[in-house]
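**Q** Okay, here's the structure, questions in a sec.
Pasting the structure below:
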């Protein structure tokens with residue numbers, strides 16, 4: 014499989030990075046899908062409650078991603094220069110940066126958990142009560158989860174993507190098994206329902222942070238060093254990293270806030286319509302690995318090339334060809350294969366007429382969105398690779414607030430459109446992002462060597 018598309022040295026390098034990332038993300042999505050279908054069989058209300066509770070990740074998760082993307086820019090270019098000291102210093106700075114934000118996340122959930130859930134649903138309803146319970150149980154993941162992500166991104170940046178592939182696979186299988194035992198109360202374990210799902214998630218992430226650290230030390234990963242090296246970065250370097258990374262954090266915060274606004278509007282359609290969106294999204298997320306892996310690979314490859322001062326044109330050509338192939342295969346999988354997974358979801362406690370037909374239509378809309386996103390996300394990742402992160406704001410969140418959200422709000426509150434029509438309107442957002450990101454990409458002003 015790893016040589017499915019390769020035809021030259023550049024393509025082989027792209028695939029050597031892409032496939033481990035894609036497989037890691039796919040397994041994550043697959044086990045997440047199985048996890049969600051497991052919860053759905055227990056209670057559809059619980060499924061929606063978890064999705065609502067996880068909306069706090071829509072705010073802080075993208076901000077973590079912004080930090081990780083910024084750190085990855087410097088790591089990738091340092092790898093190209095074979096500068097291990099800078100790689101370690103970048104990791105140390107990233108650890109401080111991301112832990113600081115994680116503490117803000119933890120305190121926010123600790124103090125405002127009830128208000129967070131109340132923004133979406135009444136906490137006195139069944140779904141609201143369960144969402145609040147899940148959010149409070151998983152609060153410690155505010156710390157564990159971003160640190161785990163930092164290790165994952167650093168292994169990818171030093172071109173060892175198979176390490177997080179193996180570790181994430183083990184972590185996710187552990188999570189799945191723990192959830193099964195604790196949700197349903199198998200054997201000596203108590204039946205905890207949604208609380209069991211939360212406990213299983215927390216335990217699995219905590220355990221495998223230790224695994225990440227042990228493996229990094231054992232294989233002598235370039236980003237592991239003594240504290241005086243990790244945190245011995247110069248003030249000037251820290252300011253450069255902050256200057257490059259902060260725009261990404263702001264951009265991702267705006268992106269996450271837009272996702273929260275969409276969720277709020279979709280919930281106002283009613284719990285039945287929101288269930289359709291939840292199920293169709295969970296299914297199509299199985300191929301989201303193609304989007305993330307393509308964009309991540311492009312950023313790593315282009316960042317390394319900038320560090321080595323290589324000719325960028327052949328790399329651009331290979332990446333563009335690779336994008337087209339991934340986008341095509343993704344849509345075929347969504348349209349022809351994933352529909353068979355719909356039947357793993359049985360909305361026993363919510364009666365929806367033509368449930369599977371609506372889910373399939375929404376899956377096709379999601380498929381179109383993902384195909385376009387392969388290109389827009391990859392162009393945006395390339396723009397980030399040169400450190401010119403400020404221009405990315407024009408290609409990402411601004412489009413959500415100027416096009417997608419206003420049109421969706423107009424359709425919902427003025428024209429009283431249904432879930433299918435609103436999701437079609439949602440496509441205008443990703444089309445806008447593609448046009449703007451491609452235009453900025455073609456200007457070639459992003460190709461800076463830090």
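In this note's numbering, the protein residues as written are 14 to 463. By construction, the Cβ of each residue, glycine as well, lies at the ideal position given by its N, Cα and C atoms.
1. Count the CB pairs spanning the region 229-246 and the region 197-215 that are closer than 8 Å, and state whether there are at least three.
2. Decide if the region 209-218 is in contact with the region 177-194; the criterion is three or more beta carbon pairs, one per stretch, under 8 Å apart.
3. Using beta-carbon positions only, say whether residue 276 and residue 332 come within less than 8 Å of one another.
4. Assign residue 456 to buried or exposed, taking buried as 16 or more other Cβ atoms, counted over all protein chains shown, within 10 Å of its Cβ.
5. Output the distance between the C-alpha atoms of residue 368 and residue 45, rounded to the nearest integer angstrom.
6. Please classify residue 206: is it buried, with 16 or more other beta-carbons within 10 angstroms of its beta-carbon, or exposed?
7. Going straight from the alpha carbon of residue 301 to that of residue 42, what length do you get?
8. Distance check for residue 339 and residue 445, CA to CA, integer angstroms please.
9. Between residue 385 and residue 451, what straight-line distance do the alpha-carbon atoms span, to the nearest angstrom?
10. For residue 328 and residue 389, what's the separation of their Cα atoms in angstroms?
11. Between which two residues does the alpha helix (DSSP H) containing residue 242 stretch?
12. Considering Cα atoms alone, identify which of 416, 80, 417 and 435 is closest to residue 424.
13. When the Cα atoms are used, what is the spatial distance from residue 228 to residue 431?
14. To the nearest angstrom, report how far apart residue 14 and residue 27 are at their CA atoms.
15. Where in the region 150-175 do unbroken runs of the alpha helix (DSSP H), each at least 4 residues long, occur, reported from the N-terminal end onward?
16. From residue 371 to residue 395, what does the alpha carbon distance come to, in whole angstroms?
17. Which same chain residues end up closer than 7 Å to residue 97 when comparing Cβ atoms and leaving out the 5 residues on each side of it in sequence?
18. Please report the Cβ distance between residue 134 and residue 280, rounded to the nearest whole angstrom; I am assuming they are in contact, meaning their Cβ atoms lie under 8 Å.
19. What distance in whole Å lies between the Cβ atoms of residue 156 and residue 115, which are believed to be in contact at a cut-off of 8 Å?
20. Could you give the DSSP three-state label for residue 121: helix, strand or coil?
21. One question on the structure: do residue 170 and residue 313 come within less than 8 Å of each other, judged by their Cβ atoms?
22. Output needed for residue 19: all residues of its chain with C-beta closer than 7 Å, excluding positions within five of it in sequence on either side, in chain order.
23. Are residue 58 and residue 111 touching if we call contact CB-CB under 8 Å?
24. What separation, rounded to the nearest whole angstrom, lies between the Cα atoms of residue 16 and residue 32?
25. Three or more C-beta pairs under 8 Å: does that hold for the region 292-312 against the region 45-54?
26. For a minimum of 4 consecutive residues, which ranges assigned as the alpha helix (DSSP H) are wholly contained in the region 306-388?
27. Go to residue 221, then tell me how far its alpha helix (DSSP H) extends in each direction, as first and last residue.
28. Is the region 87-102 touching the region 245-261, taking contact as three or more C-beta pairs under 8 Å?
29. According to DSSP, is residue 178 helix, strand or coil?
30. From 107, 378 and 74, pick the residue whose C-alpha is nearest to that of residue 345; which is it?
31. Buried or exposed: where does residue 380 fall if 16 or more other Cβ atoms within 10 Å of its Cβ makes it buried?
32. Count the other C-beta atoms from every protein chain shown that fall within 10 angstroms of the C-beta of residue 292, then say buried if there are 16 or more, exposed otherwise.
**A** For this structure:
1. no
2. yes
3. For the purposes of this step, residue 276 is identified with residue 263 of the chain shown, where counting begins at 1. For the purposes of this step, residue 332 is identified with residue 319 of the chain shown, where counting begins at 1. It is not a contact, given that the beta carbons lie outside the stated cut-off.
4. What you label residue 456 is simply residue 443 of the chain shown in a count that begins at 1. Classification of residue 456: exposed, given that the 10 Å Cβ count is below 16.
5. Working through the chain shown from its first residue, we reach residue 368 at position 355. Working through the chain shown from its first residue, we reach residue 45 at position 32. The straight-line gap from Cα to Cα measures roughly 21 Å.
6. As a first step, residue 206 must be located in the chain shown, where it is residue number 193. Its Cβ being crowded by 16 or more others within 10 Å, residue 206 is buried.
7. As a first step, residue 301 is located in the chain shown; it is residue number 288 there, counting from the start. As a first step, residue 42 is located in the chain shown; it is residue number 29 there, counting from the start. So the two alpha carbons sit approximately 8 Å from each other.
8. Within the chain shown, numbered from 1, the residue matching residue 445 stands at position 432. Within the chain shown, numbered from 1, the residue matching residue 339 stands at position 326. When rounded, the distance between both Cα atoms is 21 Å.
9. Taking the first residue of the chain shown as position 1, residue 385 is located at position 372. Taking the first residue of the chain shown as position 1, residue 451 is located at position 438. When rounded, the distance between both Cα atoms is 12 Å.
10. For the purposes of this step, residue 328 is identified with residue 315 of the chain shown, where counting begins at 1. For the purposes of this step, residue 389 is identified with residue 376 of the chain shown, where counting begins at 1. Cα to Cα, the separation comes out at about 17 Å.
11. Against the chain shown, residue 242 aligns to sequence position 229. That run of the alpha helix (DSSP H) goes 240-243.
12. Numbered from its first residue, the chain shown carries residue 424 at position 411. Nearest C-alpha to residue 424: 435.
13. The residue labelled residue 228 in the question sits at position 215 within the chain shown. The residue labelled residue 431 in the question sits at position 418 within the chain shown. Approximately 50 Å, taken between the alpha carbons.
14. Numbered from 1 along the chain shown, position 1 holds the residue referred to as residue 14. Numbered from 1 along the chain shown, position 14 holds the residue referred to as residue 27. With a pLDDT of 46 at residue 14, under the threshold of 50, the modelled position of that residue is not reliable, and no figure is offered here.
15. 154-170
16. Position 358 of the chain shown, counting from 1, holds the residue named residue 371. Position 382 of the chain shown, counting from 1, holds the residue named residue 395. Roughly 36 Å between the two C-alpha positions.
17. For this step, residue 97 is matched to residue 84 along the chain shown. Contacts found: 235.
18. In the chain shown, the residue the question calls residue 134 occupies position 121. In the chain shown, the residue the question calls residue 280 occupies position 267. About 7 Å; that satisfies the 8 Å criterion.
19. Here residue 115 is taken as the residue at index 102 of the chain shown, counted from 1. Here residue 156 is taken as the residue at index 143 of the chain shown, counted from 1. So it is a contact: roughly 5 Å between Cβ atoms.
20. In the chain shown, residue 121 corresponds to position 108, counting from 1. Note: residue 121 maps to helix in three-state DSSP.
21. Counting from 1 along the chain shown, the entry for residue 170 is found at position 157. Counting from 1 along the chain shown, the entry for residue 313 is found at position 300. A contact, by the Cβ cut-off of 8 Å.
22. Against the chain shown, residue 19 aligns to sequence position 6. Per-residue confidence for residue 19 stands at a pLDDT of 48, beneath the threshold of 50, marking its modelled position as unreliable; no derived number is given.
23. For the purposes of this step, residue 58 is taken as the residue at position 45 of the chain shown. For the purposes of this step, residue 111 is taken as the residue at position 98 of the chain shown. No.
24. Here the question's residue 16 lines up with position 3 in the chain shown. Here the question's residue 32 lines up with position 19 in the chain shown. Here the model assigns residue 16 a pLDDT of 47, short of 50, so the residue's position is not dependable, and the following value carries that caveat. Whole-angstrom Cα-Cα distance: 10 Å.
25. yes
26. 326-349
27. Taking the chain shown and counting its residues from 1, one reaches residue 221 at position 208. Start and end: 207-231.
28. yes
29. On the chain shown, position 165 is the one that residue 178 refers to. Residue 178: helix per DSSP, three-state reduction.
30. Position 332 of the chain shown, counted from the first residue, corresponds to residue 345. The shortest Cα separation from residue 345 among 107, 378 and 74 belongs to 378.
31. To locate residue 380, count along the chain shown from 1; it is residue 367. Under this definition residue 380 is a buried residue.
32. Locating residue 292 in the chain shown gives position 279, where the first residue counts as 1. Buried, by the Cβ-count rule.
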